[in-house]
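The sequence shown maps to residues 204 to 488 in the numbering used here. Working notes for the structure below.
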Amino acid sequence: MDDLMRLFVENVSYSYPDGTSALSNIHLKVKKAAFVGLLGANGSGKTTLLRTMDGLVKDFEGSVYLDGKDIRELTPKQIYKKIGLVFQNPDDQLFASTLFEDVAFGPLNMGFNKDEVNRRVMTAIEEVELTGLEKKSVHNLSYGQRKRACIAGLLAMGHEILFLDEPTAGLDPMGEYKMMNLLKKLNKENGVTIVMATHSVDLVPVFLDELHILSGGKITRGGTPEEVFHAPEDMADIKLRLPHIAELIYRLKHEDKVDFERIPLTIGEARREILKSLDTSLKGR
Ligand SMILES: Nc1ncnc2c1ncn2[C@@H]1O[C@H](COP(=O)(O)OP(=O)(O)OP(=O)(O)O)[C@@H](O)[C@H]1O
Ligand SMILES: [Mg+2]
204 MDDLMRLFVE
214 NVSYSYPDGT
224 SALSNIHLKV
234 KKAAFVGLLG
244 ANGSGKTTLL
254 RTMDGLVKDF
264 EGSVYLDGKD
274 IRELTPKQIY
284 KKIGLVFQNP
294 DDQLFASTLF
304 EDVAFGPLNM
314 GFNKDEVNRR
324 VMTAIEEVEL
334 TGLEKKSVHN
344 LSYGQRKRAC
354 IAGLLAMGHE
364 ILFLDEPTAG
374 LDPMGEYKMM
384 NLLKKLNKEN
394 GVTIVMATHS
404 VDLVPVFLDE
414 LHILSGGKIT
424 RGGTPEEVFH
434 APEDMADIKL
444 RLPHIAELIY
454 RLKHEDKVDF
464 ERIPLTIGEA
474 RREILKSLDT
484 SLKGR
């Protein structure tokens, strides 16, 4: 197996005990230091896939390999040493009484001394901008603060691979951007491999290198955001939409016949394309 491959999901299918088919014939490769998005509508199988790759779902068909080893043959300890999973619902993850104690739980269990635990906890809390709330009960934090507290808990442990289930859900617009920038920094500067489930189509092209669309438990397409985002009609089929800016340019091009060479996915690209198009039409006068 390729040395750079950290996770390899080979033809995985899974049905819950009540008979619901949640994953079918999933193939996915996650390379070292990749920043991968799993994009899909509600119920498309994102959480189930993350749980399967984290060894929490075991009775699936097919295979999942972590660094070349069959995940079903690894102990939970061996898996959690490498992979940190941030749950979709923060209340499934937070349990200690104060924010400090919650974030400290992981590093304490890893056997670090008091000073190192303290340093890790304070740095992680600072990274998610919750400084000053260390003594507050986790139950009294707001939803967005609880989401960020969960991520701090993982940051304090310093995993090589992070799975994040809807990390930006419930965050305000600035919080979403800050969270994505933090994840991007972890990925680009620290080389953390990140797999993130989301349905925030507008954030994806700005931050992610690679994405896979999940629909009805199947991966229907994958690649760079440019390769994956097609016409609005294709996105509606899978209960998603194009990023707003792409939709606007798509309509201008196809319905109003404005001359655009390509469909941009971000505001920055759209600005360049619009200026280019204006320049061409002014020259044509
Ligand atoms: N514990 C469970 N028992 C039975 N069916 C389940 C269970 N958990 C999820 N499912 C079903 O499996 C399918 C995939 O669910 P999953 O939670 O993986 O989707 P998701 O893409 O994470 O959705 P969301 O965006 O709402 O979080 C859905 O049809 C769901 O109803
Ligand atoms: Mg989910």
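Yeah, the Cβ is synthetic: ideal placement off N, Cα and C, and Gly gets one too.
Close CB contacts of Ala449 within its chain, under the 7 Å cut and outside five residues either way in sequence, are with Phe432, Ile466, Pro467 and Leu468 (chain order). Arg349 carries a helical assignment under DSSP once its states are collapsed to helix, strand and coil. Proximity to ligand 2 was defined by a C-beta distance below 7 Å to any of its heavy atoms, and the residues meeting it, in sequence along the chain, are Lys249, Thr250, Gln291, Asp368, Glu369 and Ala400. Between the alpha carbons of Leu406 and Lys234 lies a distance of about 21 Å.
The nearest non-hydrogen atom of ligand 1 is less than 6 Å from the C-beta of Asn245. Take the alpha-carbon of Phe238 and the one of Phe263: they are about 25 Å apart. The Cβ-Cβ distance between Ile416 and Leu242 falls below 7 Å.
Going by C-alpha positions, Ala299 is about 18 Å away from Gln291. Ser403 is positioned such that its CB atom lies no closer than 7 Å to that of Thr427. With a minimum length of 3 residues, the unbroken runs of beta strand (DSSP E) contained wholly in the stretch 237-303 fall at 238-243, 264-269 and 286-289.
The residue from Arg454, Lys261, Ser266 and Glu304 with its alpha-carbon nearest to that of Asn214 is Ser266. About 6 Å separates the beta carbons of Pro310 and Met360, which is inside the 8 Å limit, making them a contact pair. For Ala236, same chain residues with a beta-carbon under 6 Å away, outside a window of 5 residues either side, are Gly394 and Thr396 in chain order.
Within the stretch 358-388, the complete beta strand (DSSP E) segments of 3 residues or longer fall at 364-368, listed in chain order. Distances between the C-beta of Ala307 and the heavy atoms of ligand 1 are all 6 Å or more. Apart from the 5 residues on each side of it in sequence, Met438 sits with its Cβ closer than 6 Å to the Cβ of Arg444 and Leu445 in its chain, given in chain order. Residue environment analysis places Ile354 among the buried positions, since at least 16 neighbouring C-beta atoms fall within 10 angstroms of its C-beta. Contact annotation, Val306 with Val289: C-beta distance approximately 13 Å; criterion of less than 8 Å not satisfied. Distance from the C-beta of Ala225 to the nearest heavy atom of ligand 1 is below 6 Å.
In the three-state DSSP reduction, Glu430 falls in the helix class (H, G or I).
Straight-line measurement puts the Cα of Leu297 at about 17 Å from the Cα of Leu374.
Counting every other CB atom within 10 Å of its CB across the protein chains shown gives Ala400 a total of 16 or more, marking it as buried.
The three-state secondary structure of Glu413, taken from DSSP, is strand. Per the Cβ contact rule, the stretch 220-227 is not in contact with the stretch 334-346 (fewer than 3 Cβ pairs under 8 Å).
Following the DSSP letters along the chain, one finds Ser484 inside the alpha helix (DSSP H) bounded by residues Ile470 to Lys486.
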